[in-house]
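Position 285 (the sequence shown) corresponds to 285 in the UniProt record's numbering; numbering is contiguous.
As structure tokens, the structure follows; a few thoughts come after it.
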Amino acid sequence: MSQIVTREVPAELQHKLLGQGLTPLQARLYAARGIADSEELDYGLKGLLPYQNLKNAEAMACRLADAIAAKQRLLVVADYDADGATACAVAVKGLSMLGATIGFIVPNRFEYGYGLTPEIVELAAQKRPDIIVTVDNGIASVAGVDAAKARGIEVLVTDHHLPGDTLPDALIVNPNQPGCEFPSKNLAGVGVMFYVLMALRVEMRRRGVFDEQTQPNLGVLLDLVALGTVADVVRLDRNNRTLVENGLKRMRAGRMAPGIAALFRVAGRAHYKANTFDLGFTLGPRLNAAGRLDDMSLGIACLLASNEEQAVRLAQELDKLNRERRGIEAGMQDEALAALSGIDAGNRYTLTLYRDDWHQGVVGIVASRLKERFHRPVIVFAPGDEGEIKGSGRSIPGFHLRDALDLVYKRHPGLILKFGGHTMAAGLSLDESRFSEFQQAFEAVARELMDEKQLTRMIETDGSLPARDVNLQLAETLAAEVWGQGFPVPYFHDQFMVVNQKLVGDKHLKLRLAREGCEFDAMLFNHADWLPDRIQAVYQLIANEWQGRKELQVYLQHWAAA
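Here is the structure:
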């Protein structure tokens, strides 16, 4: 069940933005997204929040500067998703630029699981590091840090995940750790690592290693920071939008890493008009495919590639893995829907599924697809190690998934073996024999924490748009902004006449729509049935480019008979 709602527009903010020179439509869109001053739309790097407010950033910079001076060996331990891969590439490139001796390892998710575990420490020790630097993990690695210390290896933790009740005994940089006053809690793991590098460069400048003229340009890493930030679906507050916009600028100008250029090439996307959609839905999935089906070291190698030939070869391997991932995902989704066909999902607050032949690397994507379809928190499990099953969950607005799992963990000791994550996404493991018990416990907690209204999908729009304003110029203006999580792309909703419709590619509708005396080309993807003559539609404006020509297209996101 869905309900269309128009975003509230605070009149005071809208009036102020109008007074600062924004157009009426811009003022309406930005006020609805909480922009209080047009200065917040300035994404110059000088507007980045200072690293001094990030707890332990300066202390870690000092420790890394000492390590570089002493020629100690550093080893990055990365996570196996796009944020972890980009954070690893930023750490390796950035620390190398600043003089470090550095390598990396990334756990194979099927053999070692997530984070700095004692098993990963044992693997890392074979490379004889003096210091392990975690990226996009480590905040929950109490046992792993202890295992490293027992081997005489120091650990520096950079992470952004929510901490548990106990912190590891290590120097930690994480905006979400207790006592950190950094104003943005939304940095991705790659953003945290970039901030540590900024602090380190200042510390090395203070020590006279180089000056402002000879210091390395960390800006060359912003393409990687942008990709990881968008792909990890963190909230795009002003600080993150600044990081992303400056990374996109590098891509559009062709000044990106060979690996990112190669990912654009194999995806068939034009880098000169790079936007957040490209990062989140074309490059990110290809990078993630390595960690889902194989080994993320392939993705990291692509990001670290030093020349075009090597980068394209690696990007083609990632593209092949992504096609394989899509096939596995489609099969699992069909099987999940078949399993749910005998269940009245409308009477449930949660959906929890498991099959012993599902692929562990794809459960998160399937959970996300089912969440979108049913608008319920969903956890999908696949077989893990020796009687264990591993699950990945996705949530809906208003239901904090990690907190819900924490409640289950505390109320049912021993049921959840381990868990971690965010508000909207989390992972966990159980004994296979206790799956039904977890289903019931999770459903009970959800019924306690949610009400039925939250189970109705709210489709937020920016209201009606006069037909005379629906044009290519507006579509291009909107495309230039850094839209994403927490700063949603504008959707509008209006009534249209369906003038013409035809099926393309066997599963999409190409439409000609009319309203207020104007006609528009439109697309409705993944829908093969004819529409009625009159519809109420939620839509997005797209500047479509085909064979060198640009034209306006209206993309329908939701429709109902008018």
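Where is the CB? At the ideal position from N, CA and C, for every residue including glycine.
- The alpha-carbon separation between residue 405 and residue 18 amounts to approximately 45 Å.
- The secondary-structure analysis by DSSP pairs residue 457 across a beta bridge with 2.
- Beyond the five residues adjoining it in sequence on each side, residue 69 comes within less than 7 Å, by CB distance, of no other residue in the same chain.
- Only buried fits residue 559, as 16 or more other CB atoms lie within 10 angstroms of its CB.
- Judged by pairs of C-beta atoms under 8 Å, the region 307-315 does not touch the region 102-115, as fewer than three such pairs exist.
- By the CB criterion at 8 Å, residue 275 and residue 243 fall outside the cutoff.
- Look at residue 134 here: in three-state DSSP terms it is strand.
- When C-alpha distances from residue 57 are compared across 172, 164, 5, the shortest belongs to 172.
- Secondary-structure assignment with DSSP links residue 501 through a beta bridge to 511.
- The region 397-414 and the region 441-456 touch, with three or more beta-carbon pairs separated by less than 8 Å.
- Around the Cβ of residue 26, a 10 Å sphere holds 16 or more other Cβ atoms; the residue is buried.
- Taking the Cβ atoms as the reference, residue 493 lies roughly 7 Å from residue 536, within the contact range of under 8 Å.
- Residue 108 and residue 432 have their C-alpha atoms some 22 Å from each other.
- By the Cβ-count criterion, residue 466 is exposed, with fewer than 16 other Cβ atoms from all chains shown falling within 10 Å of its own Cβ.
- The three-state secondary structure of residue 229, taken from DSSP, is helix.
- Assignment of beta-bridge partners to residue 391 by DSSP yields 381, 428.
- Secondary structure in the region 195-240: the alpha helix (DSSP H) runs of 4 residues or longer, each lying completely within the stretch, are 222-231 in chain order.
- As the crow flies, the alpha-carbon of residue 215 is around 43 Å from that of residue 428.
- Residue 133 is positioned such that its CB atom lies closer than 8 Å to that of residue 158.
- Under the DSSP assignment, residue 68 falls in the alpha helix (DSSP H) whose first and last residues are 57-69.
- Annotation note: the UniProt domain "RecJ OB" (461-558) contains the following uninterrupted beta strand (DSSP E) runs of length 3 or greater, listed N- to C-terminal: 492-504, 508-515, 518-524, 534-546.
- In this structure the region 255-275 does not lie against the region 117-128, because fewer than three pairs of beta carbons, one per stretch, are closer than 8 Å.
- In the DSSP assignment, residue 152 is bridged to no other residue.
- Scanning its chain for C-beta atoms nearer than 7 Å, with the 5 sequence neighbours on each side dropped, one finds around residue 345 the residues 351, 374, 376, in chain order.
- Residue state for residue 9 is assigned as coil, using DSSP reduced to three classes.
- Distance from the Cα of residue 193 is smallest, within the candidate group 50, 87, 476, for 87.
- In this structure, the beta-carbon distance from residue 146 to residue 79 does not fall below 8 Å.
- By the beta-carbon neighbour count (other beta carbons within 10 angstroms, threshold 16), residue 337 is exposed.
- The Cβ atoms of residue 521 and residue 476 do not sit closer than 8 Å to each other.
- Assigned with DSSP and collapsed to three states, residue 274 falls in coil, not helix or strand.
- For residue 359, the closest alpha carbon among the candidates 391, 386, 478 is that of 391.
- Taking 8 Å as the cut-off, the beta carbon of residue 11 is found no closer than this to the beta carbon of residue 462.
- The C-alpha of residue 240 lies about 22 Å from the C-alpha of residue 138.
- Taken through DSSP and simplified to helix, strand or coil, residue 34 comes out as coil.
- In this structure residue 402 touches residue 422 by the C-beta definition: roughly 6 Å separates them, less than 8 Å.
- For residue 44, there is no enclosing beta strand (DSSP E), as DSSP marks it with neither H nor E.
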